[in-house]
Each structure stands twice: as C-alpha cells, then as structure tokens.
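Visitor: Protein chains in written order, with the numbering used here: chain A, -17 to 204; chain B, -17 to 204.
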DNA sequence: GTCAGTTAAAAAATCGATTATTATGTATAA
DNA sequence: TTATACATAATAATCGATTTTTTAACTGAC
C-alpha cells in the first residue's frame, strides 16, 4: 500500500486512518471486536465523515471487515491465517530480497547500513516500544526496496501489517528476540556481499523464527 | 480482494463501489484523469457520502490515486507498470494454480468444467461484452480457488483488475483471442490430469500471450 | 419456559449545508 | 514582459442532522 508513507499534507481522514492502522496492528483492539463508531469518534476526537472514510480504507486494506448495514469489525485471528500470512511472506519477501540484491545500487547499501544501525540502537534499549516498531518496519522495507516491483512491495507491506497483529499479541520474548535482532545484521552482510542464495536462506529462517514467535503469542493468547 | 463478491445486502456505498470498479477496469475513465466528484454524483445518481466512501476504498485497493486536499485521480498507465503487473501475475497465478491442482477436490473439478463451459458459450458469440468479462474472471478465479491461501487469492484478484485496465484499452483482437480461448480448455484438461508442471507451463504461456495483447493495446493507445 | 410477533432503542448509512483549501483570474509592481 | 499579490471561483473535506436498518427488549399466546 505504501499509502501511509509520506502523506505530504494531512487531512483529518488521513490522520485517523494512520492512527487506526497503528492501533489495529498494535493490538489495541480485540480480535473479532465490533467497532462502536460513536465511541471511536469520541475517543479519537474526530468527526464522523473522516472516520468512516478511514474505516472504509482500512477495510479495503484488510485490517477491518466491513459488513453492509452492520458496520465494521476487527478480523478474527486464526492459526490457519497466520500460517497463510507467514507462507506468503516467505514467498514474497524471499523473492523481493533476491531481486533487491540484484538491482540494489550503492545508495541502497548506504541506506541499508543506516537503517540497520538505527535499529540496533533501538535494540539495545530493552524497551521496545512504538519507536522500535517503526524502525523495524523501516529496516525490512529497506531490505526489499529496490526489488523493482511496486506491487510486490505493496503486498509485502500489507502482509507485514497482518503478521504484526499476531507478533504483537503479547509481551516481548527477549531470548528469541535477540537471535532475530542479530539476524538483521547478517541480512545486511549477505546483501552487501550480493550472496542472494545465502541471503534468501537467511531471510527464510528469519521469517520462520518470527513465525514461531507469533505462533506462540497466538497460542498463549487464549 | 474478493470484496466485490457476494455483497449479500447492498448499501449505496457498496453499489457505487462495484459500479466504479467495473468502470475503472473497463476503461471508461481516461488514465490520469482527475475525477470531478460533483459530476460523478450526478452521473451515477448517488449522494456525496457513499460516493466518497467508495472512492476511498478504490484508492486503498489501487484503482485510484488519492491526494490529500486535491481529490482522486485515475492512475496513469505505463509500460513498466504493465510489465510489473504481468510478472506478478506469472509468479502468483502460477504458484496458486500449482497449489490448486494439489488440493482441489472433485467438486472443484466439476466447477472447473462448468466455468469453462459457460465461458466457451460466451466465446462463440463474437460479441464479447461485459458478460464475457464476468465469465472470464470467474473462470480464472475458479482455476486457482482451492490454492489454500486467502491472501494469494486476494492479491491475484487485485492484479487481474490492474491488468485488465491495459487489456481492455482497445477493441478485441480475434486472432490472438481465439488462441487464448482455446488455452482455457487446455488449462482445465491439465488441471484434471493433475499435471501441475505442464499446467504451470501453460498458465505461464497464457499469461504471457495476454501480456502481449495488453502491451499492444497500450502501445496503440497513445 | 419458549417462541413468534411487536415495539423501542441503538447504530449505520445517508443527506444537505458549511468550512477549508486549492486553482484561477486579474491587476499591479519590478 | 515577468512575476507577485490579491480577490474570486471551484472543489475538497468536514460537520450536524435525518433517514433507514438492525439489534435488543418486551409482550402475549401456546
């Protein structure tokens, strides 16, 4: 979608869209919950029209379910959907990463290092709040950015948002998280070495480990 | 997206969404055109609120570009985007078709034959209007339906709509169209034989031929 | 008790009007 | 001319109120 990047000017509608997207991905709504539009209006101090426009966009994006005449609800979570999302991430991000390694230029290399560095700084503070989430997304976006396909990037972005609904269900898991954090650097290394085979293998492993975390969260979630 | 299937109950918003989607895919708006909301309101006899909600959804879906404070416009067409879309179709539909062949049951086989039959009847009448388009989409949806991934299906649907913006730029091309129509049956044959290798090869060829048609249309469009 | 039918309350969808922003045109100064 | 400031028109975005539909609550017959 990339829609939530660089909204040069902001309208009430685009602001509430971005806020709701963050809150949905961050798990501030219960899965399956029916959204009380009036309550949202009050809570976010926003008018009905921009709010409804944002909800419509989020439904088209897949972060809400819209049922005619009965409003919007948060999609439920399921093991099978998590599997689906993780599988699609494996396929699409793997593909994109390989292509990025083939096409990426030296500017990309610099941006990779920068993004990895910023993320590492955030890793160190054990407090992984919203700021870490932003840097983490940014890092993964950078990895695949020069893959050459706008649509591929769009789908990956969408899958990340979906995946994070599961990953962010519970509190952090320091042990696994540390392994994952280390892999970020190795991903950059392999990218710089243009070793697309090894890079893809590591990306597969990275996504698979993330999947295991997300699955655990989902199962413990009850 | 699949959103435009089975809208059990319809609201003004969902109706105008579906109408606009069809018209956008069918090329009834010029690429790059800025949408005059008031004109749309009159033309489609619909109120402002449902219209804006539909436009917002279409923007999130990728059939419109939304620019804050300056409304909506039809995305431009470009050779590179057509290449991107066709490539993604190759990857994703190929993947989905293989999986469908592995998972599809006998009910699927029946539906395949039915969809192919309906399409063939429409093929024969050289008039390929909106009805043919519906049956054609339906056929391709059926081919990949039991692939097991909701997200894969969603992405493919989206890519088809994008692809058709190019394919439907100009009038029909009987010669190529006939070849493509014949391939529909062969695709069913190979699916029934569960020959996923050959099936994927033919799917690749089918998409590639369609791409050539779309490219020609785009180039002649000028 | 429970089920169908009815009514009241709540919520969703839509309308009509208002406000804010951008685009256009015109006059004036460099 | 060219550019700049200002006024005006056109359009986008938003608000507040109304209509429509759904959900919940209630009633009485079986």
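For glycine and all other residues, C-beta sits at the position ideal for the given N, C-alpha and C.
Note down, one range per segment and in chain order, each alpha helix (DSSP H) of at least 4 residues found wholly within the region 149 to 190 of chain B.
Guide: Runs found: 156 to 174.
Visitor: Rounded to a whole number of angstroms, what is the C-alpha to C-alpha distance between residue -16/B and residue 106/A?
Guide: Because residue -16/B sits at a pLDDT of 37, beneath the cut-off of 50, its placement in the model cannot be relied upon, and the following sentence gives the value as read from the coordinates. Those two C-alpha atoms are separated by around 43 Å.
Visitor: Jot down the residue ranges of each uninterrupted alpha helix (DSSP H) in the region 106 to 156 of chain B, minimum 4 residues, whole runs only, in chain order.
Guide: 112 to 126, 132 to 149, all fully within the region 106 to 156 of chain B.
Visitor: Looking at chain B, which residues of the region 11 to 31 of chain A have a Cβ within less than 9 Å of any of its Cβ atoms?
Guide: Flagged, chain order: 31.
Visitor: Please tell me whether residue 34/B has its Cβ less than 8 Å away from any Cβ of chain A.
Guide: Output row for residue 34/B: interface = yes.
Visitor: Quick one, which residues of the region 46 to 61 of chain B are near chain A if we go by CB-CB under 7 Å, in chain order?
Guide: Taking 7 Å as the Cβ-Cβ cut-off against chain A, the residues of the region 46 to 61 of chain B that qualify are 50, 51.
Visitor: Taking a contact to mean a Cβ-Cβ separation below 8 Å, would you say residue 178/B touches residue 142/B in this structure?
Guide: Cβ distance not < 8 Å, so residue 178/B and residue 142/B don't count as in contact.
Visitor: Under 9 Å Cβ-Cβ, which residues of chain B neighbour residue 92/A?
Guide: By Cβ distance, chain B contributes nothing, its closest Cβ being about 25 Å from residue 92/A, past 9 Å.
Visitor: As a quick exercise: from 94/B, 62/B, 160/B, pick the residue whose alpha carbon is nearest that of residue 169/B.
Guide: The shortest C-alpha separation from residue 169/B is found at 94/B.
Visitor: Do residue 46/A and residue 13/A have their CB atoms nearer than 8 Å?
Guide: No, the Cβ-Cβ distance between residue 46/A and residue 13/A is not below 8 Å.
Visitor: Which first and last residues belong to the alpha helix (DSSP H) in which residue 73/B is found?
Guide: First-last of the alpha helix (DSSP H) with residue 73/B: 61 to 85.
Visitor: Listed in chain order, which residues of the region 75 to 87 of chain B have Cβ atoms closer than 8 Å to some Cβ of chain A?
Guide: Residues passing the 8 Å Cβ filter: 77.
Visitor: What residues of chain B sit near residue 43/A, judged by a beta carbon separation below 8 Å?
Guide: Ordered by position in chain B, the residues that pass the 8 Å Cβ test against residue 43/A are 42.
Visitor: Taking the beta carbon of residue 146/B as the centre, do at least 16 other beta carbons fall within 10 Å, making it buried, or is it exposed?
Guide: The residue in question, residue 146/B, is buried, as its Cβ has 16 or more Cβ neighbours within 10 Å.
Visitor: Go through its chain and collect everything with a Cβ distance to residue 138/A's Cβ below 7 Å, but skip five positions before and after it.
Guide: Only 74, 75, 78, 126 meet the Cβ criterion.
Visitor: Confirm, please, whether the CB-CB distance from residue 37/A to residue 54/A is below 8 Å.
Guide: A contact, by the Cβ cut-off of 8 Å.
Visitor: Is the Cβ of residue 70/A closer than 8 Å to any Cβ of chain B?
Guide: Interface residue, yes.
Visitor: So what does DSSP say about residue 51/B, is it helix, strand or coil?
Guide: Correct three-state label for residue 51/B: coil.
Visitor: With 8 Å as the threshold, decide whether the Cβ of residue -7/A is near any Cβ in chain B.
Guide: Chain B, which has a Cβ nearer than 8 Å to the Cβ of residue -7/A, makes this yes.
Visitor: Quick one: which chain B residues come within Cβ less than 7 Å of residue 177/A?
Guide: Within 7 Å Cβ-Cβ: nothing; residue 177/A doesn't reach chain B, min ~22 Å.
Visitor: In chain B, which residues lie less than 9 Å from residue 141/A when you measure between Cβ atoms?
Guide: Per Cβ cutoff of 9 Å: 133.
Visitor: So, is residue -4/B buried or exposed, given that buried needs 16 or more other C-beta atoms within 10 angstroms?
Guide: Classification for residue -4/B: buried.
Visitor: Name, please, each residue of chain B whose Cβ falls closer than 7 Å to the Cβ of residue 66/A.
Guide: Chain B residues near residue 66/A: 131, 132, 133.
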